[in-house]
Amino acid sequence: MELTVIGYWGAYPAKNEATSGYLLRHADSAVLLDCGSGVLSRLQNEINLEQLDAVFITHTHADHFADVYALEFSALVLTQLGKRTRPLDVYIYGENLASLNFAYPDYVHVHPIEPARTVNVGELMFSFSETVHEVPCCAIKATTREGANLIYSGDTGYCSSFIEFAENADLLVLECSLYDVQKGVLDGHLTAGEAGEIARLANAGYLILTHFPHYGDQRQLAMEAARNYSGPIELAYSGLKWSF
Ligand SMILES: [Zn+2]
Ligand SMILES: [Zn+2]
């Protein structure tokens, strides 16, 4: 399984960058986790869009969702051009998915994510756990047949059910929206210290911090996480790859 960071900013993308988007490749499958602003453009540095098998959206905040309608247009156009031969499956965690503005059901199949149900894409199995956030949001676990796994938090506040869900993660991709000094100022997001603590309690093998604020020094986030977690920590950046 290989993860590539496509976008890693919270809220809005920095210049020539993207908000949340992570490409997972395994065997013949290509799956996108979240599709925030800027993701569709940057994704094409890694794959042709017709190669994408499925997309999982943790929640419908714009920094995780904004490019999904452009992605739908790409499915329409690429099918008309004969490059895409099957509909794109888009799995979304949220309420009232019928109110979303998808217009081409022949090209994009929208499915609700239900935490009690797993989804298989090729040789990968996906499972889900609700997090603590302003709107309904889920964390995603991808597991190979050999049992290797990756857990991506989506957006979340500190949450014991997430720690359980992330137990023994080979790779933990954790949102890190806040510096420790900001603890308590914004519900539904993690401070760096909390991210480190979660990684320690979950016994994670490797921690990638992501979903960064647009101020301060990101190296400070890694230092604050390292106070609570002694394993390897990396700050997300565009194009960062991690494979196992
Ligand atoms: Zn977000
Ligand atoms: Zn959010």
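If you read the sequence shown in UniProt numbering, its first letter stands for residue 1, the second for the next number, and so on.
Glycine residues also receive a C-beta, built at the ideal position from the N, C-alpha and C atoms.
Put simply, of L207, L178, T191, E130 the residue whose alpha carbon is nearest the alpha carbon of E164 is E130.
Taking a 10 Å sphere around the C-beta of V5, we find 16 or more other C-beta atoms and assign the residue as buried.
L178 and L150 do not touch by the CB rule: their CB atoms are close to 23 angstroms apart, not below 8 angstroms.
When C-alpha distances from T210 are compared across A202, K15, G196, the shortest belongs to G196. The shortest C-alpha to C-alpha distance from G7 to any of V31, R25, S41 is the one to S41. Per the DSSP secondary-structure output, D89 pairs in a beta bridge with A54, H109. The Cβ atoms of V90 and V119 do not sit closer than 8 angstroms to each other. Residues lining ligand 2 by the Cβ criterion, that is a Cβ closer than 5 angstroms to any of its heavy atoms, are H61, D155 in chain order. DSSP, read as helix, strand or coil, puts Y152 in strand. Residues of the same chain with a CB within less than 8 angstroms of the CB of L190, apart from the 5 flanking positions on each side, are S153, T156, G157, Y158, L174, E175, C176, S177, L178, I198 in chain order.
Look at T79 here: in three-state DSSP terms it is helix.
Distance check between A225 and each of D180, S238, W242 places D180 closest, using alpha-carbon atoms only. When rounded, the separation of the alpha-carbon atoms in Y229 and A116 is 30 angstroms.
The beta-carbon separation of E167 and A142, rounded to 15 angstroms, does not stay under the 8 angstroms limit for a contact.
Look at M125 here: in three-state DSSP terms it is strand. Around the beta carbon of G38, 16 or more other beta carbons sit within 10 angstroms, so the residue counts as buried. The nearest non-hydrogen atom of ligand 1 is less than 7 angstroms from the C-beta of G10. Annotation for A226: the continuous alpha helix (DSSP H) segment containing it runs 218-226. Distances from the alpha-carbon of L124 to those of D28, A236, A66, E234 put D28 closest. In the three-state reduction of the DSSP assignment, L100 falls in the coil class. Around the beta carbon of S127, 16 or more other beta carbons sit within 10 angstroms, so the residue counts as buried. The continuous stretches of beta strand (DSSP E) do not include L190, and DSSP gives it neither H nor E.
In this structure, the straight-line span from the alpha carbon of R86 to that of Y107 is close to 7 angstroms.
Going by beta carbons, H64 and V135 fall outside the 8 angstroms limit.
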